[in-house]
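Basically this note's numbering = 1-based index in the sequence shown + 14. Every residue gets a Cβ at the ideal spot worked out from N, C-alpha and C, and that includes glycine. Shown next, in structure tokens, is the structure this report addresses.
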Amino acid sequence: MKHLVLATLLSLTPSSLVFGWGQPHHAITRGALDVLPSWQKELLGAEFTALGDSYCMIPDNVFSDKENARYARMESAPGEVYLKILHLPTQQPEYLEVMRYFMDLAVKSLREGRTGDAARYIGTICHQIEDYGSPSHTVPGDNMFTLLQQFLPPSDVMKDQLMHGPIENGDFSVSISGYQPRLLGTTVDEASWRLVHRVHDEIINARSTTVPIIQALYAADQESVVKNQLRAATMDAQVVADAVYTILCLGSEKYPSEEKSALQQVQIGGFFPLEAASLYYPQQQFYSSPHWGHPRSGIILAGGSKAMPLKLKLPSGEKEFSNGISAGMGKTLTFLLPKNIYSRFTVLAGLHPDLGAKGRVEFTVSGDGKPLRTITLNGTDPATLLECDVSGVSQLQLTLTSRGVDSKSNYAIWAVPTLLKQ
Ligand SMILES: [Zn+2]
Numbered sequence: 015m016k017h018l019v020l021a022t023l024l025s026l027t028p029s030s031l032v033f034g035w036g037q038p039h040h041a042i043t044r045g046a047l048d049v050l051p052s053w054q055k056e057l058l059g060a061e062f063t064a065l066g067d068s069y070c071m072i073p074d075n076v077f078s079d080k081e082n083a084r085y086a087r088m089e090s091a092p093g094e095v096y097l098k099i100l101h102l103p104t105q106q107p108e109y110l111e112v113m114r115y116f117m118d119l120a121v122k123s124l125r126e127g128r129t130g131d132a133a134r135y136i137g138t139i140c141h142q143i144e145d146y147g148s149p150s151h152t153v154p155g156d157n158m159f160t161l162l163q164q165f166l167p168p169s170d171v172m173k174d175q176l177m178h179g180p181i182e183n184g185d186f187s188v189s190i191s192g193y194q195p196r197l198l199g200t201t202v203d204e205a206s207w208r209l210v211h212r213v214h215d216e217i218i219n220a221r222s223t224t225v226p227i228i229q230a231l232y233a234a235d236q237e238s239v240v241k242n243q244l245r246a247a248t249m250d251a252q253v254v255a256d257a258v259y260t261i262l263c264l265g266s267e268k269y270p271s272e273e274k275s276a277l278q279q280v281q282i283g284g285f286f287p288l289e290a291a292s293l294y295y296p297q298q299q300f301y302s303s304p305h306w307g308h309p310r311s312g313i314i315l316a317g318g319s320k321a322m323p324l325k326l327k328l329p330s331g332e333k334e335f336s337n338g339i340s341a342g343m344g345k346t347l348t349f350l351l352p353k354n355i356y357s358r359f360t361v362l363a364g365l366h367p368d369l370g371a372k373g374r375v376e377f378t379v380s381g382d383g384k385p386l387r388t389i390t391l392n393g394t395d396p397a398t399l400l401e402c403d404v405s406g407v408s409q410l411q412l413t414l415t416s417r418g419v420d421s422k423s424n425y426a427i428w429a430v431p432t433l434l435k436q
């Protein structure tokens, strides 16, 4: 009995309470490293294999591998050996800071010729990206699925099992051959900020695999379990490849010119604002006008239920947009900006010409809470291009306010919201 208690206590180290992909960490990291250009593989040299074989597990092994534990530690969290945030996302500003921190250390180590240190920091970053994109880490606050299992009652075979492990564990290999890693930035601030948004896409993708995996586990359909795990792991490997490729470009200050010029501007209509905490809109973010709903990217909902393309009236005629946001009155959307990377923000503000003809809306763009540009438009007015100086701004806010009498017609659109370096 005593032994049993001891064994139980030992098995309840913090790392086992959070878990993480386990074996698939290696498979995802190897799959990602495989598509790096040869100059980067040579740069990593002897560390190349160690990254996939062991460094990608550094954040899980901080208690057993004391020598490498320091590569998963932050000065801002003194004494904290196990940084939970390396395994589970909390809030955007926090995990952005963590990604920035380890990316910075990896880049500095590379620039100083300390490839071994760099590879270990890269391992920590790989682990974080992979854990965030694990099908087992997808339900905020329900890492063990005891809540989700109330929605999806377990089969007899699974009923006394913790679901975390079975959902993510497997023995598979990941190949993303043919994938071309993307440069995420030419500074650590820019690259870590873009990485956060890549990771958001991977989290959403992983969420779409969780329920199919659970259903397949209940049905003892191993083939379907692996198929869905691979769907998550494949995208995770692509994001890991982007991150490692970018860090190695930053470390050697080598940027392909085409990729560098593509970074001159970025459209943010598909990015999650801070209000979509945990990447969904909580109840308090729903608005009543023009209909009961929440901000939508890429579409506008007629009457709150029928998706229609984003459309604005321009001097040249009506035009549809795929990158943009439809939003409601009285709610602000806040986007984190990397400091001193972008100098301008442009957006087309207007009401949907068919749905919003009777509306009247005030559009305000603010930087760190200070209004930068405000305009009030009628539904029959053409859309207006708002242009703001965002140098030094760390939070960009878009706010809509009803200024008319027919609030049901306030179908407002922010089209092509774009950050520009010059
Ligand atoms: Zn982990």
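Own chain residues within Cβ distance below 6 Å of S405, not counting five before or after: Counting from 1 along the sequence shown, the entry for residue 405 is found at position 391. The answer, listed in chain order, is S357.
- prompt: Of all the options S416, A205, F285 and P296, which has the alpha carbon lying nearest to the alpha carbon of Q278?
  reply: Working through the sequence shown from its first residue, we reach residue 278 at position 264. Ranking S416, A205, F285 and P296 by Cα distance to Q278 puts A205 first.
message: Looking at the secondary structure, which residues open and close the alpha helix (DSSP H) in which F165 lies?
response: Position 151 of the sequence shown, counted from the start, is the residue given in the question as residue 165. It spans L162 to F165 - the alpha helix (DSSP H) in which F165 sits, taken as one unbroken run.
field: Counted within 10 angstroms of its Cβ, other Cβ atoms place E272 as buried (16 or more) or exposed
entry: Indexing the sequence shown from 1 puts residue 272 at position 258. Exposed, since its Cβ has fewer than 16 Cβ neighbours within 10 Å.
message: Between P92 and ligand 1, is there a pair consisting of the residue's CB and a ligand heavy atom that are separated by less than 7 Å?
response: Sequence index remark: in the sequence shown, residue 92 carries index 78 (1-based). Not so, every heavy atom of ligand 1 lies at least 7 Å from the Cβ.
message: Comparing C-alpha positions only, which one of M343, P329, H211 and G342 sits nearest to Q281?
response: The residue given as residue 281 occupies position 267 in the sequence shown. The option with the nearest alpha carbon to Q281 is H211.
- prompt: By a C-beta neighbour count over all protein chains shown, 10 Å radius and 16 as the cutoff for buried, is G383 buried or exposed?
  reply: For the purposes of this step, residue 383 is taken as the residue at position 369 of the sequence shown. Exposed.
Span separating the alpha-carbon of T201 from that of K80: On the sequence shown, residue 201 is found 187 positions in, with the first residue counted as 1. On the sequence shown, residue 80 is found 66 positions in, with the first residue counted as 1. Cα to Cα, T201 sits roughly 31 Å from K80.
message: If contacts are defined as beta-carbon pairs under 8 Å, then I369 and I313 qualify, I think. What distance do you get, rounded to the angstrom?
response: Counted from its first residue, the sequence shown places residue 369 at position 355. Counted from its first residue, the sequence shown places residue 313 at position 299. Correcting the residue identity first, residue 369 is Leu in this sequence and not Ile. The Cβ separation is near 12 Å, so there is no contact.
- prompt: Got a sec: does ligand 1 put a non-hydrogen atom nearer than 7 Å to the Cβ of H141?
  reply: Walking along the sequence shown from the start, residue 141 turns up at place 127. Within the cutoff, so yes.
task: Throw me the rounded Cβ distance for the E332 and P367 pair, which I believe falls under 8 Å.
output: Looking up residue 332 in the sequence shown gives position 318. Looking up residue 367 in the sequence shown gives position 353. Confirmed, Cβ separation roughly 6 Å.
- prompt: Comparing the CB of D368 with every heavy atom of ligand 1, is any distance shorter than 7 Å?
  reply: Your numbering for residue 368 matches position 354 in the sequence shown. No, since every heavy atom of ligand 1 falls outside the 7 Å radius drawn around the Cβ of D368.
field: For A21, three-class secondary structure by DSSP
entry: Start at 1 with the first residue of the sequence shown, and residue 21 comes out as number 7. Caution applies to A21, whose pLDDT of 39 falls short of 50 and renders its modelled position unreliable; the value that the coordinates give is listed next. Of the three classes helix, strand and coil, the one that applies to A21 here is helix, per DSSP.
task: Confirm the yes/no value for this check: CB of P73, any heavy atom of ligand 1, distance under 7 Å.
output: Within the sequence shown, residue 73 is the residue found at index 59, counting from 1. True, at least one ligand heavy atom lies under 7 Å from that Cβ.
message: Taking 7 Å as the cut-off, is the C-beta of H101 nearer than that to any heavy atom in ligand 1?
response: What you label residue 101 is simply residue 87 of the sequence shown in a count that begins at 1. Yes - ligand 1 has a heavy atom lying nearer than 7 Å to the Cβ of H101.
query: For M322 versus Y232, is the C-beta spacing smaller than 8 Å?
result: Mapped onto the sequence shown, residue 322 falls at position 308. Mapped onto the sequence shown, residue 232 falls at position 218. No, they are not a contact pair.
message: Just to confirm the assignment, what range does the alpha helix (DSSP H) spanning R196 have?
response: To locate residue 196, count along the sequence shown from 1; it is residue 182. R196 -> no alpha helix (DSSP H), and no H or E assigned at all.
- prompt: Is S423 helix, strand or coil by DSSP?
  reply: Here residue 423 refers to the residue found at position 409 of the sequence shown. Correct three-state label for S423: helix.
- prompt: In terms of DSSP beta bridges, what is S340 paired with?
  reply: Position 326 of the sequence shown, counted from the start, is the residue given in the question as residue 340. Beta-bridge pairing links S340 to R310 and I427.
- prompt: Going by Cα to Cα distance, which pick from E94, L57 and S150 is closest to P103?
  reply: Residue numbering aside, residue 103 sits at position 89 when the sequence shown is read from its first letter. Looking at the Cα atoms, S150 is the closest of the given residues.
Other residues of its chain near K372: CB distance less than 6 Å, five sequence neighbours each side excluded: Indexing the sequence shown from 1 puts residue 372 at position 358. Closer than 6 Å at Cβ, skipping near neighbours: G393, D420 and S423.
message: Buried or exposed, going by whether 16 or more other CB atoms sit within 10 Å of the CB of F285?
response: The residue given as residue 285 occupies position 271 in the sequence shown. F285 is buried by the Cβ-count criterion.
task: Can you give me the start and stop residues for the alpha helix (DSSP H) that N242 sits inside?
output: Locating residue 242 in the sequence shown gives position 228, counting from the first residue. Taken as a continuous stretch (DSSP letters only), the alpha helix (DSSP H) holding N242 covers Q236 to S266.
field: Proximity winner among T260, L264, R221 and D256, relative to L244 (alpha-carbon distances)
entry: Residue mapping note: residue 244 aligns to position 230 of the sequence shown, counting from 1. Cα-wise, what sits closest to L244 is R221.
query: Is the closest heavy atom of ligand 1 to the C-beta of D250 under 7 Å?
result: Taking the first residue of the sequence shown as 1, we reach residue 250 at position 236. False, no ligand heavy atom lies under 7 Å from that Cβ.
field: Close Cβ partners of R134 (< 7 Å) along its chain, the five nearest in sequence each way excluded
entry: Working through the sequence shown from its first residue, we reach residue 134 at position 120. Around R134: Y69, I72, N82 and Y85.
- request: For T360, write down the residues that DSSP places opposite it in a beta bridge.
  value: Reading the sequence shown from its first residue, position 346 is the one you call residue 360. Per DSSP, E401 and T432.
- request: Report yes or no: do the stretch 110-118 and the stretch 43-60 share at least 3 C-beta pairs separated by less than 8 Å?
  value: no
message: Closest to T388 by C-alpha separation, out of G381, E376 and T346, would be which residue?
response: Along the sequence shown, one-based indexing puts residue 388 at 374. Here the closest residue by C-alpha is E376.
message: Can you find the residues in the same chain that come closer than 8 Å, C-beta to C-beta, to T432, ignoring five residues on each side of it along the sequence?
response: Taking the first residue of the sequence shown as position 1, residue 432 is located at position 418. For T432, where only same-chain residues beyond five positions count, the Cβ hits under 8 Å are Q279, V280, Q281, I282, F359, T360 and V361.
- prompt: What do you reckon, are the CB atoms on Q54 and L262 nearer than 8 Å?
  reply: Numbered from its first residue, the sequence shown carries residue 54 at position 40. Numbered from its first residue, the sequence shown carries residue 262 at position 248. Closer than 8 Å, so yes.
- prompt: Tell me the DSSP bridge mates of N392?
  reply: Along the sequence shown, one-based indexing puts residue 392 at 378. The partner list for N392 (beta bridge, DSSP) reads R374.
Cβ-based neighbour list, R125, same chain, cut-off 7 Å, excluding 5 preceding and 5 following: Position 111 of the sequence shown holds residue 125. Contacts found: G265.
message: Less than 7 Å separating the Cβ of D145 from some heavy atom of ligand 1?
response: If you number the sequence shown from 1, residue 145 lands on position 131. Yes; taking the cut-off as 7 Å, the Cβ of D145 has a heavy atom of ligand 1 nearer than that.
- prompt: What residues are listed by DSSP as bridge partners for T223?
  reply: The residue labelled residue 223 in the question sits at position 209 within the sequence shown. Paired residues: none, contrary to the question.
query: Grouping DSSP H, G and I as helix and E and B as strand, with all else coil, what is S55?
result: The residue given as residue 55 occupies position 41 in the sequence shown. It is worth fixing the name first, because residue 55 is Lys in this sequence and not Ser. Three-state DSSP puts K55 in a helix.
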